[in-house]
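Taking our numbering, the leading residue of the sequence shown gets 3, the next gets one more, and so forth. Virtual Cβ for every residue (Gly too), placed ideally from N, Cα, C. Predicted model, so just to flag it, every value in this text is computed and none were measured.
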Amino acid sequence: MALRIPQRRLLEPALNALRTCPSCRQTPSPFRVFARAASSKKDIKSTGHKSVDDFLKRKPKKEAQIVPQRGNVSEDSIFADAEQEEADFEEEEEEYEHRSAQAQQADVTSLRGRNSGYMQTMLDPDPKSRMRWEQKMVVRQVKRRGRLTKKELLKRTERESLTRSQWFKTSTKKLGMLARQIAGKPIEEAIVQMRFSKKRVAKDLKKHLEYSRDMAIVSRGMGLGKVEGTQGEPVQIELKDGKKMKVTDRTGIYIDQAWVGRGPHGSEIDYRARGQANTMKNPFTSVSVLLKEEATRVRLSEEKKKKFENRKLWLHLPDRPITAQRQYPLW
């Protein structure tokens, strides 16, 4: 039986021996890729047509990325009205911009021609009382000659921040104990106390203290002594309860006062046995925190010390004139 072998397979060894460069099939993959690239370059150079060469040298263009379309809410969605109002507002703005200058000027003149007497009932309901109050303020300023009272001076020189929390689901008795615990402490120490407290509402109070601290720093500029270099020299002060304390930063934040406020009562159903049910009233309570800087405590300590030094000396027999004396006895 004759063996049938393709003719190209019989001639392949002879052709490989005559080739100057190794075959791509016999070489490893990196060299094979290089050989393919070289052969493609030769093919490109071999073409004599300029238009064909330019077409072959062109780089394939990247496909344009499809931009996803923005979704939209359904007609029965609760946000459909808000989007419709926003679209209407944008349309009104575009219409107003495209209006002519004469139409805009007509709107201005119509406002100027409005009768202000009709609006005085709302803007100035009691003009006589307003004039008396303005006169009173002018007279007060003239009498003082521009001098400020002690309260006004403290408001201008010392910083404070008052914040009130949302309603906590607890009673005033439970929240009042935590308020008395943090009163008088530095804000960072009070936050640490609430962090390790076993009370359930301490977690909510800790969040409110952090919010109050951030609001005092951002809105009032408190606690920025280390940044601005206005810490002041360390000083030892005496607190209201007689304890000694060393203040290293006069811009430090501390809790001057903390009090609670009674809120509304909620109701819940307490289901019992045999179809019975009780109505429970759950109280809600808020806490208010007044933050001040350590410079306030330094001033209070100095005033207390100065008042103690300026007190009058106590005497057993004070030197005063004798009153109600008669020349003769009254019996």
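Can you tell me the Cβ-Cβ gap for residue i and residue j, rounded? I've got them flagged as a contact below 8 angstroms.
i	j	result
residue 249	residue 239	6 angstroms
residue 283	residue 269	6 angstroms
residue 180	residue 170	Their Cβ separation, rounded to whole angstroms, is 10 angstroms, which puts residue 180 and residue 170 out of contact at 8 angstroms.
residue 260	residue 189	That belief does not hold up - the Cβ atoms of residue 260 and residue 189 are roughly 11 angstroms apart, past 8 angstroms.
residue 196	residue 208	4 angstroms
residue 287	residue 172	6 angstroms
residue 255	residue 299	Their Cβ separation, rounded to whole angstroms, is 11 angstroms, which puts residue 255 and residue 299 out of contact at 8 angstroms.
residue 167	residue 289	5 angstroms
Given a threshold of 16 other Cβ atoms within 10 Å of its Cβ, counted over all protein chains shown, does residue i qualify as buried or as exposed?
i	result
residue 309	exposed
residue 44	At residue 44 the pLDDT is 48, less than 50, meaning the model places this residue with poor confidence; the figure from the coordinates comes in the next sentence. Exposed, by the Cβ-count rule.
residue 131	exposed
residue 68	exposed
residue 194	exposed
residue 203	buried
residue 211	buried
residue 90	exposed
residue 46	Only weak support exists for where residue 46 lies, its pLDDT of 48 falling under 50; the value from the coordinates is given anyway. Classification of residue 46: exposed, given that the 10 Å Cβ count is below 16.
residue 76	exposed
residue 108	exposed
residue 221	exposed
residue 35	Note that residue 35 has pLDDT 48, beneath the 50 cutoff, so the model's placement of it is unreliable and the number below is only indicative. Residue 35 is exposed by the Cβ-count criterion.
residue 321	exposed
residue 218	buried
residue 126	exposed
residue 40	Because the pLDDT at residue 40 is just 49, under 50, the model does not fix this residue reliably, and the value given afterwards should be weighed accordingly. Residue 40 comes out exposed.
residue 206	buried
residue 192	buried
residue 303	buried
residue 324	exposed
Have a look at the DSSP bridge pairing and note the partners of residue i.
i	result
residue 284	268
residue 256	188 and 294
residue 240	246
residue 263	288
residue 165	291
residue 279	273
residue 170	287
Mind checking which residues open and close the alpha helix (DSSP H) that includes residue i?
i	result
residue 125	122-125
residue 129	129-146
residue 97	82-100
residue 330	Residue 330 -> no alpha helix (DSSP H), and no H or E assigned at all.
residue 150	Neither: residue 150 is in no alpha helix (DSSP H) and is coded neither H nor E.
residue 79	No alpha helix (DSSP H) holds residue 79; DSSP gives it neither H nor E.
residue 221	204-222
residue 227	227-230
Kindly say whether residue i, judged by its beta-carbon, lies nearer than 7 angstroms to any beta-carbon of chain D.
i	result
residue 207	The structure shown contains no chain D; it holds only a single protein chain.
Touching or not, the stretch 130-143 and the stretch 251-268, by the rule of three or more beta carbon pairs under 8 angstroms? Contact fails: fewer than three Cβ-Cβ distances are below 8 angstroms.
Answer yes if the stretch 220-234 comes into contact with the stretch 262-280, meaning at least three C-beta pairs across the two stretches below 8 angstroms, and no otherwise. As far as the Cβ criterion goes, the stretch 262-280 does not touch the stretch 220-234, which means the pair count is below three.
Within 8 angstroms, do at least three Cβ pairs link the stretch 294-306 to the stretch 159-168? Short answer: they touch.
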